[in-house]
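S.K.: Okay, handing you the structure first.
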Amino acid sequence: MLDYTAIDFETANSYRGSPCAVGLVRVRDGLPVEERRWLMRPPAAADHFSAFNTWIHGITEDMVVNEPRWKDLLPNILDFIGDDVVVTHNAGFDIGVIRYACAADNIAWPQMRFLCTMVLARRALSLPSYRLPFVLDALGSSIDNHHDPLADARAVVDVVRKLASRNGVDNLDALADSVRVCIGRMTGGIYLGSVGTVGSGSRLVHPELNPNADPDGYLYGHVVVFTGALMSMTRQIAWDECARVGAIAEYATTKRTNVLVIGDINPAVLRPGSTLTAKARKAFELQAKGQNIEVMAEDDFLRCLDGKPLDGADIPLLSGDQGRQPPAVGGVSAIDLTTA
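Numbered as in the working numbering, the sequence shown ends at 448 without a single skipped number.
Listed below in structure tokens is the structure:
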């Protein structure tokens with residue numbers, strides 16, 4: 109049975125833990141049976157609205173001034189979800205909102221299983237972009253009010269229904285298995301993403317560069333290195349996507365490296381003295397010698413793949429006490445990078 113809850117968050121600013129709205133749709137046997145849309149105030153530590161985010165979703169600070177805080181609304185959200193698997197388009201973002209917002213309020217992560225329709229679409233479809241409107245269009249649907257959280261959650265239901273029909277399956281586990289995607293899990297301090305599965309011990313394969321890649325693309329001609337766990341795709345798919353846009357993916361940070369993509373972390377917290385991966389430490393060393401290396405989060409990497417402008421998202425490696433330290437995530441400091 110296709111039983112689950114679809115969810116979508118909007119955030120007040122660029123910090124992932126600043127939810128200001130959520131849309132939820134409860135689904136039974138593939139059909140929506142109940143919906144919720146809530147506005148909220150972000151955690152106090154992240155309670156400010158950026159003009160860019162407001163331009164995206166239309167939610168202003170005045171609209172939420174009398175709404176409950178995230179920590180006060182969270183029990184209602186979890187009660188609505190119950191024991192359902194949560195389905196979202198870009199789980200790295202939406203489940204990340206829960207994790208980072210809980211961290212901002214010093215709340216333990218809730219237990220949750222989740223599935224990412226962006227990852228499903230990457231495995232099932234061949235598209236120029238895997239943003240929600242593109243996936244819907246490929247499946248014969250559309251969305252009129254993109255970035256309204258309830259409209260996006262409803263669209264997720266549409267994507268699941270049509271992918272399940274396309275693949276001849278009638279439950280989430282079978283849908284995930286049909287395209288070799290795992291259902292993610294969050295509990296306590298453990299987070300396992302909803303990503304594509306590969307055989308154990310598989311070595312990354314260097315894909316051929318796309319000769320028709322756009323030379324004006326943001327990543328075109330750049331050498332890209334990844335560190336940390338990506339939430340939206342496997343490392344091999346990330347390498348393949350780099351090749352598609354004319355970028356070269358490599359294992360290690362070297363003098364050739366132009367971009368370092370940090371998985372599951374806010375790169376603005378990177379600074380000397382932090383506990384870093386070897387790749388990030390090497391980036392510091394090369395930057396100190398004058399090499400220009402851009403550090404970007406996974407969300408920004410996805411925007412580059414889609415040909416979207418970063419709108420000032422270039423995040424330099426910080427030094428000293430620059431920047432504001434974000435809260436710990438899941439009881440572990442957000443700068444404790446231990447996964448290469």
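Think of the CB as a built atom: it goes at the ideal place given N, C-alpha and C, for glycine as much as any other residue.
So, VAL264 versus ILE185, is the Cβ gap smaller than 8 Å?
M.R.: Counting from one through the sequence shown, the residue named residue 264 turns up at place 156. Counting from one through the sequence shown, the residue named residue 185 turns up at place 77. Against a cut-off of 8 Å, the Cβ pair of ILE185 and VAL264 comes out as no contact.
S.K.: Closest to GLY371 by CA distance: which of SER158, ILE167, GLY200 and VAL172 is it?
M.R.: Start at 1 with the first residue of the sequence shown, and residue 371 comes out as number 263. Considering only alpha carbons, the answer is GLY200.
S.K.: Assuming THR113 contacts ARG134 (C-beta within less than 8 Å), just tell me the rounded distance between them.
M.R.: As a working note, residue 113 is residue 5 in the sequence shown. As a working note, residue 134 is residue 26 in the sequence shown. Rounded, the Cβ-Cβ distance is 5 Å, consistent with contact.
S.K.: Can you give the Cα-Cα distance for LYS270 and ALA229, rounded to whole angstroms?
M.R.: Against the sequence shown, residue 270 aligns to sequence position 162. Against the sequence shown, residue 229 aligns to sequence position 121. Taking the straight line from one Cα to the other gives about 11 Å.
S.K.: Reducing DSSP to helix, strand and coil, say where MET339 ends up.
M.R.: The residue you call residue 339 lines up with position 231 of the sequence shown. MET339: coil per DSSP, three-state reduction.
S.K.: Verify whether the separation of the beta carbon atoms of ASP213 and PRO257 is less than 8 Å.
M.R.: Numbered from 1 along the sequence shown, position 105 holds the residue referred to as residue 213. Numbered from 1 along the sequence shown, position 149 holds the residue referred to as residue 257. No, the Cβ-Cβ distance between ASP213 and PRO257 is not below 8 Å.
S.K.: Between the beta-carbon of ASP348 and the beta-carbon of PRO315, is there less than 8 Å?
M.R.: Working through the sequence shown from its first residue, we reach residue 348 at position 240. Working through the sequence shown from its first residue, we reach residue 315 at position 207. Cβ distance < 8 Å, so ASP348 and PRO315 count as in contact.
S.K.: Applying the criterion that 16 or more other CB atoms from any shown protein chain within 10 Å of the CB defines a buried residue, is ALA65 buried or exposed?
M.R.: The displayed coordinates of the chain run from 109 to 448. Any statement about residue 65 would go beyond what the structure contains.
S.K.: Within a Cβ cutoff of 6 Å, which residues of the same chain sit near ARG293, ignoring the five residues on either side of it in sequence?
M.R.: Here the question's residue 293 lines up with position 185 in the sequence shown. Only ARG221 and LEU300 meet the Cβ criterion.
S.K.: Please return the same chain residues whose Cβ sits closer than 8 Å to the Cβ of VAL243, not counting the five positions on each side in sequence.
M.R.: Locating residue 243 in the sequence shown gives position 135, where the first residue counts as 1. HIS197, THR225, MET226, ALA229, LEU233, LEU235 and VAL267.
S.K.: Just list the alpha helix (DSSP H) runs in the region 266-320, keeping only unbroken ones of 4 residues or longer that don't cross its boundaries, in chain order.
M.R.: The qualifying runs are 280-286.
S.K.: Please say whether LEU327 and THR517 have beta carbons closer to each other than 8 Å?
M.R.: Absent from the model: residue 517. The displayed extent of the chain is 109 to 448, so no value can be given.
S.K.: May I ask you to report which of helix, strand or coil DSSP gives GLY200?
M.R.: Numbered from 1 along the sequence shown, position 92 holds the residue referred to as residue 200. Helix, per DSSP.
S.K.: When burial is assigned at 16 or more other CB atoms within 10 Å of the CB, is SER250 buried or exposed?
M.R.: Along the sequence shown, read from residue 1 onward, the residue named residue 250 stands at position 142. Under this definition SER250 is an exposed residue.
S.K.: Using C-beta distances below 6 Å, list every residue in its chain close to THR447, excluding the 5 sequence neighbours before and after it, in chain order.
M.R.: Looking up residue 447 in the sequence shown gives position 339. Confidence at THR447 is low in this model, with a pLDDT of 32, below 50, so its placement is unreliable and the value that follows should be read with caution. Hits under 6 Å: GLY336 and ALA337.
S.K.: Compute the beta-carbon to beta-carbon distance between ASP357 and ALA346, rounded to the nearest angstrom, for a pair I have assumed lies under 8 Å.
M.R.: For the purposes of this step, residue 357 is identified with residue 249 of the sequence shown, where counting begins at 1. For the purposes of this step, residue 346 is identified with residue 238 of the sequence shown, where counting begins at 1. The residue asked about is misnamed: residue 357 is Ala in this sequence, not Asp. Rounded, the Cβ-Cβ distance is 7 Å, consistent with contact.
S.K.: Would you tell me roughly how many angstroms separate the C-alpha atoms of LEU182 and PHE392, rounded to the nearest one?
M.R.: For this step, residue 182 is matched to residue 74 along the sequence shown. For this step, residue 392 is matched to residue 284 along the sequence shown. Distance between the alpha carbons of LEU182 and PHE392 is about 38 Å.
S.K.: Taking the alpha carbon of ASP180 as the point to measure from, which residue in ALA261, MET148 and ASP414 has its own alpha carbon closest?
M.R.: Here residue 180 is taken as the residue at index 72 of the sequence shown, counted from 1. With distances taken between Cα atoms, ASP180 lies closest to MET148.
S.K.: How close, in whole Å, do the beta carbons of PRO241 and HIS255 come, if the pair is a contact with beta carbons under 8 Å?
M.R.: Translated into the one-based positions of the sequence shown, residue 241 becomes position 133. Translated into the one-based positions of the sequence shown, residue 255 becomes position 147. With a Cβ gap of about 10 Å, PRO241 and HIS255 do not count as contacting.
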